[in-house]
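*Asks:*
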Amino acid sequence: MTLPKKFYLGDIVRMRKPHPCGSDRWEVLRVGMDIRIRCLGCGHLVLMPRRKFERAVRQVLGGPNRPPEDLPGGPAEGGTAGPAASGG
Ligand SMILES: [Zn+2]
Numbered sequence: 009m010t011l012p013k014k015f016y017l018g019d020i021v022r023m024r025k026p027h028p029c030g031s032d033r034w035e036v037l038r039v040g041m042d043i044r045i046r047c048l049g050c051g052h053l054v055l056m057p058r059r060k061f062e063r064a065v066r067q068v069l070g071g072p073n074r075p076p077e078d079l080p081g082g083p084a085e086g087g088t089a090g091p092a093a094s095g096g
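In our numbering, the protein residues as written are 9 to 96.
(1) Just mark residue 77 as buried or exposed, buried being the case when its beta carbon has 16 or more other beta carbons within 10 Å.
(2) Give me the residue from 48, 16, 22 and 18 with the minimum Cα distance to residue 64.
(3) So which residues put a beta carbon under 6 Å from any heavy atom of ligand 1, going in chain order?
(4) Report the CB separation of residue 19 from residue 74 in whole angstroms; it is logged as a contact under 8 Å.
(5) Using CA coordinates, which residue listed in 42, 28, 71 and 44 is at the minimum distance from residue 50?
Have a look at this one:
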């Protein structure tokens with residue numbers, strides 16, 4: 009599984025660890041040496057180094073500024089029947 013190393017403003021990403029508010033989706037607000045993201049569940053803002061961000065991202069869902077050729081590819085398949093990772 010490969011992740012694109014390039015991120016765009018407005019990208020929606022899923023993080024490995026869901027936020028305590030219950031949402032695991034974040035919007036990319038700023039890209040550069042540091043990445044600023046906002047939780048779509050509660051609006052919490054987080055600023056983290058790019059390297060840490062890349063490791064924390066689980067999936068890139070796409071965004072308005074992402075060119076089609078840079079999309080992860082493939083139609084979105086519904087249904088996720090995986091074991092939920094329990095963690096604190
Ligand atoms: Zn949140």
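A virtual CB, placed ideally from N, CA and C, is assigned to each residue, including glycine.
*Replies:* With the structure as the only source:
(1) The residue is exposed, with fewer than 16 neighbouring Cβ atoms inside 10 Å.
(2) Nearest of 48, 16, 22 and 18 to residue 64, Cα basis: 22.
(3) With 6 Å as the limit, the residues whose C-beta approaches any heavy atom of ligand 1 more closely are 27, 29, 31, 47, 49, 50 and 52, in sequence along the chain.
(4) Distance from residue 19 to residue 74 at the Cβ level is roughly 6 Å; contact confirmed, criterion being Cβ atoms closer than 8 Å.
(5) Of 42, 28, 71 and 44, the residue nearest in Cα terms is 28.
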